[in-house]
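So in this note's numbering, spot 41 of the sequence shown is number 65, and the numbers just go up one at a time.
Where is the CB? At the ideal position from N, CA and C, for every residue including glycine.
Computed from a predicted model, the values in this text were never measured in an experiment.
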Amino acid sequence: MHKKEADKIAVASKESKRVMNIFLVVLAVLFIGATAFSKFNPFEMLATQGEFWRFITQDFLLPKFKNWGTLWDSIAETIAMAVGSTGVSAVIAFLLAFLGTSSICRLKSVNYVVRMVASVLRNIPALVWAFILVAAFGIGTETGVIALCVSTVGFLTRSFIETLDEVAGENMEALKSTGAGILPVISQSILPAALPGFIAWFLYCIETNIRASTILGMVGAGGIGLLMNGYIKQYNYHAASTVIIVVAVVIIGVNILTEYLRKITLK
C-alpha cells in the first residue's frame, strides 16, 4: 500500500454509505407515493410561480394601514391571551406534575393517569380545541384563552414531570436519609433545583402561545388573528400584510426577550 493511500482517512464506512443510499431511495419512493396520493404536482407549482409573485408584489405589498389603534389593541390582546393562558396552565401543571412523577407520588396508578391525560391534551393541537370551543361557546377572547390553556396544561405537565424526574434522585435520597419529611425534601431540595427548568419552560410556552394565539384568532378566538382574518376576507391584502409584518416583529422581539430571560435563569 502506498503511503498516500495509508494516510487517507475514511470519511464513512461502506456500511454507512449503504445505509445512506437505502435511506435516500426510501425517501424518494415515499415522496413519489405521497405526491401521487395527494395529487400534488411540484412541476405545476413551479409553473405558477409567476402568478404568486405578481400577487405578492402588486396585491400584497406595499403595506398600507390606517387603524393603528385597533392594531395595537389586538396585539395587546394577543399577548394578554398568551401570558394569561400560560400563567393559569403553569399553576395547574405545577400541581399535576407532583402527582405525575413517581419520585414524589408513589401511587403508580395516579402517575399513569396524570401522564396519560397530559399526553392526550398535549398531542391535540390548540387549533383543534379552538374549533371545538368556538362551536360550543362562540367567537371571543375567552375561547382562545381556554383553548390555549387546555393544550398548554398538557405540554407543561409533561415538561414539569421530566424536570422533576431529572432533579429528584440522589439529592432527595440524601435528605431522606437524614430523617427529613417529604415536605422539607420538596421545598429544600427538589423545588430549588427544578425552578430554573420550570421558568425556562414557562417562558418557552409564552413564546409559542403568542404564535398559536395568532392562528387561533383566525378561527374566531380573538386577538390579532381575528383582525388579520377580517382584512383577508375583505380582500384588503395591503392591510393584512401590515398586520403580518407587525406580528412577525412582535414575535421576534418576544423570542429575543424570552431567550435572554432563559439565559439569566439558567445561570
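Residue range of the unbroken alpha helix (DSSP H) whose run includes residue i
{"i": "Thr165", "result": "Thr165 to Val191"}
{"i": "Ile116", "result": "Trp92 to Gly124"}
{"i": "Leu86", "result": "Unbroken run through Leu86: none, as it is neither H nor E."}
{"i": "Lys257", "result": "Ile248 to Lys257"}
{"i": "Ser40", "result": "Lys38 to Ser62"}
{"i": "Leu240", "result": "Leu215 to Gly241"}
{"i": "Asn139", "result": "Reading off the sequence, residue 139 comes out as Arg, not Asn. Looking at the DSSP string, the run of the alpha helix (DSSP H) that includes Arg139 is Lys132 to Asn147."}
{"i": "Phe155", "result": "Ala150 to Phe161"}
Chain-order list of residues whose beta-carbon lies under 7 angstroms from that of residue i (same chain, five-residue window excluded)
{"i": "Leu131", "result": "none"}
{"i": "Val267", "result": "Leu95, Ile248, Leu251, Met252 and Tyr255"}
{"i": "Val41", "result": "It should be noted that the sequence gives Lys, not Val, for residue 41. There are no such residues."}
Contact under 8 angstroms by Cβ, residue i with residue j
{"i": "Ile103", "j": "Ile234", "result": "yes"}
{"i": "Ser98", "j": "Ile248", "result": "yes"}
{"i": "Leu180", "j": "Leu227", "result": "no"}
{"i": "Ser213", "j": "Ala106", "result": "no"}
{"i": "Leu157", "j": "Thr165", "result": "no"}
{"i": "Val115", "j": "Leu145", "result": "no"}
{"i": "Val138", "j": "Leu123", "result": "yes"}
{"i": "Val270", "j": "Leu95", "result": "yes"}
{"i": "Phe89", "j": "Ala272", "result": "no"}
{"i": "Ala150", "j": "Leu240", "result": "yes"}
{"i": "Ile280", "j": "Ile210", "result": "no"}
Close beta carbons around residue i, own chain, < 6 angstroms, minus the five adjacent residues each side
{"i": "Lys257", "result": "none"}
{"i": "Val134", "result": "Leu123"}
{"i": "Ser126", "result": "Asn135"}
For residue j and residue i, believed in contact at Cβ under 8 angstroms, the rounded distance
{"i": "Leu120", "j": "Ala142", "result": "7 angstroms"}
{"i": "Val243", "j": "Ala160", "result": "No, Val243 and Ala160 are not in contact; Cβ-Cβ is about 13 angstroms, not under 8 angstroms."}
{"i": "Thr81", "j": "Thr176", "result": "About 39 angstroms; that fails the 8 angstroms criterion."}
{"i": "Gly108", "j": "Val152", "result": "Their Cβ separation, rounded to whole angstroms, is 20 angstroms, which puts Gly108 and Val152 out of contact at 8 angstroms."}
Residues near residue i in its chain [Cβ-Cβ closer than 8 angstroms; skip 5 each side]
{"i": "Phe7", "result": "In the structure displayed, the chain extends from 25 to 291; residue 7 sits before or after that span and is not available."}
{"i": "Phe292", "result": "In the structure displayed, the chain extends from 25 to 291; residue 292 sits before or after that span and is not available."}
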